[in-house]
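Colleague: Structure below; questions to follow.
In the working numbering, the protein residues as written are 3 to 193.
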């Protein structure tokens, strides 16, 4: 729980610093694309560091503990995707002006499949255009959002073995460097 709070606090602090450095969110402030890109930089760095330095090292290299989706019951490490979701939930609890999630065309957890047209288009785009991001706008309810989709790439052997070997996986041929899904960031914009 403490690690989730640290991750979420880091993301929120980065967002706050960016907003105040760029005019406090006024019309002369930071553009939604710049904000989304900055938020993603922090998220991607934290996710990669946790995956490589904690999960992959302790599970694959040193073999001192396992990582499991049932981490509480099994006294194991939280999976990187779960850590990411817990951070997103914490940011939502704090009432941040943005949201983020991790989705995939091949989700192990069916809750993580794309639901909106922009999510579907965004995932398809990043899968077909390695190294590129997708940007769009969508209206959900009464709110218009700038929506960005960034590739979520397999950065360590732990990513590949977990996804390829999971009992609920729809895909079993991931390799290091493959796009496994996408990080979706939504920022409300004025109509």
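Here a beta-carbon is modelled for each residue, glycine too, at the ideal position from N, C-alpha and C.
Are the Cβ atoms of residue 118 and residue 190 separated by less than 9 Å?
Modeller: Not a contact, by the Cβ cut-off of 9 Å.
Colleague: Three or more C-beta pairs closer than 8 Å, one from the region 54 to 70 and one from the region 31 to 46: is that the case here?
Modeller: As far as the Cβ criterion goes, the region 54 to 70 does not touch the region 31 to 46, which means the pair count is below three.
Colleague: Verify whether the separation of the beta carbon atoms of residue 103 and residue 155 is less than 9 Å.
Modeller: No, these two residues do not count as a Cβ contact at 9 Å.
Colleague: With a 10 Å radius around its C-beta and 16 neighbouring C-beta atoms as the bar for buried, classify residue 143 as buried or exposed.
Modeller: Looking at its Cβ environment, which holds fewer than 16 other Cβ atoms inside 10 Å, residue 143 is exposed.
Colleague: Check whether the region 160 to 177 touches the region 69 to 89, taking contact to mean three or more Cβ pairs, one atom from each stretch, closer than 8 Å.
Modeller: Taking 8 Å as the limit for Cβ pairs, the verdict is that the region 69 to 89 does touch the region 160 to 177.
Colleague: Considering only C-alpha positions, which residue in the set 134, 150, 133 and 131 is nearest to residue 140?
Modeller: Comparing Cα positions, the closest option is 150.
Colleague: Drop a sphere of 10 angstroms on the beta-carbon of residue 87, count the other beta-carbons inside from all chains shown, and report buried for 16 or more, exposed for fewer.
Modeller: So residue 87 counts as buried.
Colleague: For the beta strand (DSSP E) that residue 128 lies in, which residues bound it at each end?
Modeller: That residue, residue 128, is in no beta strand (DSSP E); its alpha helix (DSSP H) goes 119 to 130.
Colleague: Between residue 70 and the rest of its own chain, which residues show a CB-CB distance below 8 Å, the 5 nearest in sequence each way excluded?
Modeller: The residues are 76, 78, 79 and 81.
Colleague: With DSSP as the reference, identify every bridge partner of residue 86, one or two as the case may be.
Modeller: In DSSP, residue 86 forms no bridge with anything.
Colleague: Compute the Euclidean distance between the alpha carbons of residue 109 and residue 32, then round it to the nearest angstrom.
Modeller: Approximately 33 Å between the Cα atoms of the pair.
Colleague: Residues in the same chain with beta-carbon distance under 8 Å from residue 61, minus the five sequence neighbours each way, listed in chain order, please.
Modeller: Once the five neighbours on either side are set aside, the close Cβ partners of residue 61 are 67, 68, 69, 79 and 160.
Colleague: Tell me which residue opens and which closes the beta strand (DSSP E) that residue 139 is part of.
Modeller: 136 to 142 is the extent of the beta strand (DSSP E) around residue 139.
Colleague: Put residue 81 into one of helix, strand or coil per three-state DSSP.
Modeller: DSSP places residue 81 in coil when its eight states are reduced to three.
Colleague: So, with DSSP's three-state summary, where would you put residue 183?
Modeller: The answer is strand: DSSP assigns residue 183 an E or B state.
Colleague: Can you tell me whether residue 134 sits near the ligand NAP, meaning its C-beta is under 8 Å from at least one heavy atom of the ligand?
Modeller: Looking for the ligand NAP in the displayed structure turns up nothing, as the structure carries no ligands at all.
Colleague: In angstroms with no decimal places, state the Cα-to-Cα distance between residue 93 and residue 49.
Modeller: Roughly 15 Å separates the two Cα atoms.
Colleague: Given residue 176, which residues of its chain have a CB within under 8 Å of its CB, disregarding the five upstream and five downstream residues?
Modeller: Closer than 8 Å at the Cβ level, and outside the excluded window around residue 176, lie 156, 161, 162, 165, 166 and 182.
Colleague: Use the C-beta contact count for residue 198: other C-beta atoms within 10 angstroms, 16 or more gives buried, fewer gives exposed.
Modeller: Residue 198 is absent from the structure shown; the chain starts at 3 and stops at 193.
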